[in-house]
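Protein chains in written order, with our numbering: chain H, 1 to 584; chain V, 585 to 698; chain U, 699 to 936. Below is one structure, written out as structure tokens; the observations come after it.
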Amino acid sequence: MNIANDSFDVVIIGAGGAGMRTALQLSQSGQNIALISKVFPTRSHTVSAQGGITAALGNIDSDDWRWHMYDTVKGSDYLGDQDAIEYMCKNGPEVVYELEHMGLPFSRNDDGTIYQRPFGGQSKNYGKEQATRTCAAADRTGHALLHTLYQQILRAGTKVFSEWYAIDLVSSIDKDSISGVVLLSIETGELLFAKARAIVLATGGAGNIYQSTTNALINTGDGLGMALRANCVLQDMEMWQFHPTGIAGAGMLVTEGCRGEGGYLLNKDGVRFMEHYAPSVKDLASRDVVSRAIAIEIREGRGFELNGVQYVDLKIDHLGEETIKKRLPGIRELSIQFAHVDPVEKAIPVVPTCHYSMGGIPTNFHGQVIKTDRNNKDKIVNGLYAVGECACVSVHGANRLGGNSLLDLVVFGRATGMHLEKKSEYTTPDLADVDKILDFYHKLESNKTGENYVDIRHSMQKTMQDHFGVFRTQESMQEGLVSLGELRDRLEHVVLKDTSKIFNTNRITILELRNLMVAACATAYSAIERKESRGAHSREDYPDRDDNNWLKHTIYHLDDLISYRNVNMSPKSIDTFIPKERVY
Amino acid sequence: MGSIVKSNRGYIEFVIQRLSAIYMALYVLAILTVIFINKDLDFEIIQDLFSLMPVRILTFFFIVSILSHGWIGMWIIATDYINNAFLRNLYFVLVMGMILFYLVWSIEVIWGFE
Amino acid sequence: MAKVNKLEFSIYRYNPDDDKSVYMQDYTLEFDIEQNLMLLGALERIKDELDPTLSFRRSCREGVCGSDAMNINGKNGLACITPISSLPRKIAIRPLPGLPVVRDLVVDLEIFYKQYARVKPYLINRQPTPKKERLQSPEDRKKLNGHYECILCGACTTACPSFWWNPDKFVGPAGLLQANRFIVDSRDDAELERLQDLQDPFSVFRCRTIMNCVEVCPKKLNPTKAINNIKKEMLKIK
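Here you go:
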């Protein structure tokens, strides 16, 4: 091993909402931490979250965290772990107040309290009337949250490695723990082995496995790849949320807040079709339900079509110019820029778009990464934590409710930070791991002929889009799996055309593609295995939910094998929510 | 960050620049008014005007305004464009010298040294 | 048949690793004009199809992360929300002016971030922390509009000559916009301290109100107005 090295109490990889909330907790308790981010922190994808952060504050209407918990369990199609959901919903109000105290510019009610708006899947009294639970800063809540957290870590003096890329984790010599990580400075090409008592993965989503996604270009599942290569596992990777309202043809997110504020969907016959799919809550049904409804409308020929792009309309003009400018200014901007439509006058063309990965690295609610062996037994991976979208706690199960992801970031970011306040011991790193990483790195450098990364990436995205989209069948997925296998082999021989040390985005793109491929394969193998329809995983050949056989998490292993893990049905302070038929 | 000495200078200079500008504008207006009112303006009238003590004092303030306004402006230009410390200081000495020279000269013009 | 059009790009190139000098490199890209192509999309295509060595930053590709600010035909802007259709057929792209170039279109923003950090861009409130949220009236909250939306892309600050001449001393429009955001926040009780920290001939007063910042801001914010408010508040405390 001939690279520079350094040691820290904790190394946090990823500076979005989750990573920064963890970092803040640890900085305030005086630990020597390194916050690694491949982009400057405020460029992280949390910045794009729009509608809000859900917590039972009850500022507008009566509310209770238990109702929030019920909605989340039901929304997850009962695949969410109830102990974790309980923890999240119970701590929701507190973390939101904390954010407010940090200065987050929430919109306000007339009495000066935090403004809340209704979101899909929210109810009062365990499934009765619509609740109003999502706290918002206009339609820029993620932006406001991310900047507020960055401001706080500036204040706390956190050490930030901005524009550093984490290549791979390094295990301990006994292979039982994670001891460090190999980092690459994007700006200078310098490599660094960072040893740590604990590593926190907070690398976000991997939406770029699909052709059309609301995700930023940086969402490449780096944490998923790193964890898997370090012999950890991935959970529920078949569960990808397709957001009902991405701008058709462009993919930008249009917040659920539009429908929360009173907007609704129309097909080309001018019919408000959600009335048929979810008679009681209509457009505010869960995202998986609305996305499927739109997909069916389009498939049955009731969608619009322009330049080969099919879509339905999201109408908000009846809310009036004033409300739109006050509550949804960012949406108006995006819509004008990317759909050439001013929503004050005309409906926004929308289509279900890949948005969020419910699956990820399995953890408990302290953020500790869990590994399972083939006998379905949990084991905590010493020294490794995961938090945010890359983790699977699992609070979202088979379908995430809107406004729950920002909550997930801060609740579990904080919980992970608190758990790490008690310092553990350093473990002895296995330097052979470091050498292996460096070998790979140099091999990539010396490949002079071979495969073009652009072709591989495009083919992978197309395969995922065509075979693992909103509706899935065995046959189609099987085909997809074959092409993914070929693509994965081709990636082994990829060529790096630019070998400069300085700000080499070509190299980073290839390293990212390696992680995307892990996420894509994990998704494919998990999806083909789950022979039922649950939440976002909708199989035409198995249209019903099958609690007898499939009320369990899928676990994807490094060798493409799948095992299973029980869903936690034991909240601590409330009775278990027993799976029921899910109607909206 | 750099070498900023905390002081009230920024604010004071900002105010001086604006106050002096207003004063100069008013003074020029007043003089112009005098010129337009007196159709047959001649040396005698001008001499009489400037022999009045209030006019002399107001004129002196006008000169002070021009010079302070000018100094602040020239100082800002130098701190924008001249990076070399020696050249910048040399420039300051020259400008300050000129300003002092104008000050003394204008006192002489207004009051005369017998 | 898709209608095809040709775009000619002239892009600033520099790599300290192997280039001896800075030069402009030309690329020609064919694209379907029916497609709603943004400049970032065109740059991605140049990198994917023509030249993998071209370096630039990008992330959200929807104008909220602030990564891809660059100088487009002489004017600073975000590539991801600049439609190709709004540009002439010949497009010259350079890095943001006034900062050291790391490589190609990537500039070193360190001093820009330092100036941001200098204004203490975080809420300071020394009152005991309440159990629930601190109350703020909708009117008081409205004062934050036009401030908190800043994405720190750097387009404004690097379009400001005062920042070019004194990047280490003049905070620049982006930083001052955030300074004012906390000055006007009804929950912040450090207004006096904030104003005193900015009290010198450079930090605020180098703004000559030429409004380049307002002209280039991709989020249509008005830093000049914020800077004038800071000056006004300074007069009030005297």
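Using N, Cα and C, we set each Cβ at its ideal position, and we do this for glycine too. As the structure is a computational prediction, the values presented were derived from the model and not from experiment.
Reduced DSSP secondary structure (H/G/I, E/B, other) of residue i
{"i": "Lys195(H)", "result": "strand"}
{"i": "Arg906(U)", "result": "coil"}
{"i": "His143(H)", "result": "helix"}
{"i": "Ile588(V)", "result": "Here Ile588(V) scores only 46 on pLDDT, less than 50, and its place in the model should not be relied on; the value that follows carries that caveat. In this structure, Ile588(V) counts as coil in the three-state DSSP scheme."}
{"i": "Met239(H)", "result": "coil"}
{"i": "Glu305(H)", "result": "strand"}
{"i": "His355(H)", "result": "strand"}
{"i": "Ala605(V)", "result": "helix"}
{"i": "Met252(H)", "result": "coil"}
{"i": "Gln733(U)", "result": "coil"}
{"i": "Arg672(V)", "result": "helix"}
Residue i versus residue j - alpha carbon distance
{"i": "Ile588(V)", "j": "Gly450(H)", "result": "Its pLDDT being 46, under 50, Ile588(V) is placed unreliably by the model, and the measurement read from it follows with that caveat. Rounded to whole angstroms, Ile588(V) to Gly450(H) spans 56 Å at the Cα level."}
{"i": "Thr46(H)", "j": "Val254(H)", "result": "15 Å"}
{"i": "Gln122(H)", "j": "Ser405(H)", "result": "14 Å"}
{"i": "Gln241(H)", "j": "Ser357(H)", "result": "6 Å"}
{"i": "Ala285(H)", "j": "Asp77(H)", "result": "13 Å"}
{"i": "Leu613(V)", "j": "Thr855(U)", "result": "39 Å"}
{"i": "Ser179(H)", "j": "Asn382(H)", "result": "9 Å"}
{"i": "Ser719(U)", "j": "Arg711(U)", "result": "9 Å"}
{"i": "Lys623(V)", "j": "Asp632(V)", "result": "16 Å"}
{"i": "Ile709(U)", "j": "Lys745(U)", "result": "12 Å"}
{"i": "Cys911(U)", "j": "Thr922(U)", "result": "7 Å"}
{"i": "Asp546(H)", "j": "Gly775(U)", "result": "52 Å"}
{"i": "Ile647(H)", "j": "Val369(H)", "result": "What is shown of chain H runs 1 to 584, which leaves residue 647(H) out entirely."}
{"i": "Val679(V)", "j": "Gly654(V)", "result": "9 Å"}
{"i": "Gly586(V)", "j": "Trp862(U)", "result": "Because Gly586(V) sits at a pLDDT of 39, beneath the cut-off of 50, its placement in the model cannot be relied upon, and the following sentence gives the value as read from the coordinates. Rounded to whole angstroms, Gly586(V) to Trp862(U) spans 14 Å at the Cα level."}
Reference residue i; option with closest CA among the options
{"i": "Met722(U)", "options": "Ala853(U), Cys763(U), Asn771(U) and Leu735(U)", "result": "Asn771(U)"}
{"i": "Gln825(U)", "options": "Gly796(U), Ala740(U) and Asp886(U)", "result": "Asp886(U)"}
{"i": "Val805(U)", "options": "Gly19(H), Pro571(H), Pro579(H) and Ile502(H)", "result": "Ile502(H)"}
{"i": "Arg759(U)", "options": "Ile218(H), Gly180(H), Lys325(H) and Leu169(H)", "result": "Ile218(H)"}
{"i": "Thr827(U)", "options": "Gln122(H), Pro543(H), Ser394(H) and Tyr97(H)", "result": "Tyr97(H)"}
{"i": "Lys346(H)", "options": "His442(H), Ser538(H) and Gly263(H)", "result": "Gly263(H)"}
{"i": "Lys124(H)", "options": "Ile186(H), Trp67(H) and Asp139(H)", "result": "Trp67(H)"}
{"i": "Arg593(V)", "options": "Val612(V), Trp659(V), Ile691(V) and Asp626(V)", "result": "Trp659(V)"}
{"i": "Arg457(H)", "options": "Gln211(H), Ile13(H) and Glu129(H)", "result": "Gln211(H)"}
{"i": "Val10(H)", "options": "Asp378(H), Val181(H) and Ser483(H)", "result": "Val181(H)"}
{"i": "Lys282(H)", "options": "Val309(H), Gly120(H), Val341(H) and Arg197(H)", "result": "Gly120(H)"}
{"i": "Gly189(H)", "options": "Ala156(H), Tyr426(H), Gly103(H) and Asn506(H)", "result": "Asn506(H)"}
{"i": "Gly403(H)", "options": "Ala49(H), Ser483(H) and Cys390(H)", "result": "Ala49(H)"}
{"i": "Arg801(U)", "options": "Ile822(U), Lys929(U), Arg787(U) and Leu752(U)", "result": "Leu752(U)"}
{"i": "Gly480(H)", "options": "Gly535(H), Arg287(H), Asn447(H) and Ile209(H)", "result": "Ile209(H)"}
{"i": "Ile881(U)", "options": "Met736(U), Phe810(U), Glu931(U) and Lys788(U)", "result": "Glu931(U)"}
{"i": "Val518(H)", "options": "Gly52(H), Val39(H), Gly221(H) and Gln25(H)", "result": "Gly221(H)"}
{"i": "Met20(H)", "options": "Ile316(H), Val411(H), Asp559(H) and His553(H)", "result": "Val411(H)"}
{"i": "Met464(H)", "options": "Cys354(H), Asp430(H) and Asp544(H)", "result": "Cys354(H)"}
{"i": "Val762(U)", "options": "Asn864(U), Asp749(U) and Ala777(U)", "result": "Ala777(U)"}
Contact set between residue i and chain U, taken where Cβ atoms lie within less than 9 Å
{"i": "Arg672(V)", "result": "Chain U residues near Arg672(V): none, gap ~12 Å exceeds 9 Å."}
{"i": "Gly249(H)", "result": "Gln733 and Asn734"}
{"i": "His101(H)", "result": "Leu821, Asn823, Thr827, Pro828, Glu831, Arg832 and Arg885"}
Neighbouring residues, chain U, relative to residue i (Cβ below 7 Å)
{"i": "Tyr97(H)", "result": "Lys830 and Glu831"}
{"i": "Leu506(H)", "result": "It is Asn, not Leu, that sits at residue 506(H) in the sequence shown. Within 7 Å Cβ-Cβ: Pro750 and Thr751."}
{"i": "His442(H)", "result": "What His442(H) touches in chain U: nothing, since even the nearest Cβ is about 17 Å away."}
{"i": "Tyr665(V)", "result": "Trp863"}
Residue i at chain C interface by Cβ criterion, 8 Å
{"i": "Gly654(V)", "result": "The structure shown contains no chain C; its protein chains are H, V and U."}
Proximal residues of chain V, C-beta to C-beta of residue i below 9 Å
{"i": "Gln834(U)", "result": "None at all; the shortest Cβ gap to chain V is about 29 Å."}
8 Å Cβ cut-off: residues of chain U touching residue i
{"i": "Leu334(H)", "result": "Glu760 and Gly761"}
Contact list for residue i against chain H, beta-carbon separation under 7 Å
{"i": "Arg756(U)", "result": "Leu217"}
Under 8 Å from the C-beta of residue i: neighbouring residues of chain V
{"i": "Phe903(U)", "result": "Gly594, Tyr595, Glu597 and Phe598"}
Practice prompt. Below 7 Å between beta carbons is the criterion; list the residues of the region 596 to 611 of chain V that meet it against any residue of chain U, in chain order.
Written response: Glu597 and Phe598
Worksheet entry | Interfacial residues, the region 207 to 225 of chain H to chain U, with Cβ spacing under 7 Å | Ala216, Leu217 and Ile218
Item to complete: Residues of the region 738 to 749 of chain U with a CB closer than 7 Å to any CB of chain H: list them in chain order, please.
Response: Asp746
Item to complete: Give, in chain order, every residue of the region 845 to 859 of chain U whose Cβ lies closer than 9 Å to some Cβ of chain H.
Response: His845, Tyr846, Glu847, Cys848, Ile849 and Leu850
Worksheet item: Taking Cβ-Cβ distances below 7 Å as the criterion, which residues of the region 700 to 717 of chain U are in contact with chain H?
Response: Asn713, Pro714, Asp715 and Asp716
Item to complete: Could you name the residues of the region 775 to 808 of chain U whose beta carbon sits closer than 9 Å to any beta carbon of chain V, in the order they occur along the chain?
Response: none
Worksheet item: Relative to chain U, which residues along the region 100 to 130 of chain H have a C-beta separation below 7 Å, given in chain order?
Response: Glu100, His101, Met102, Gly103, Pro105, Ser107, Arg108, Asp110, Gly112, Thr113 and Ile114
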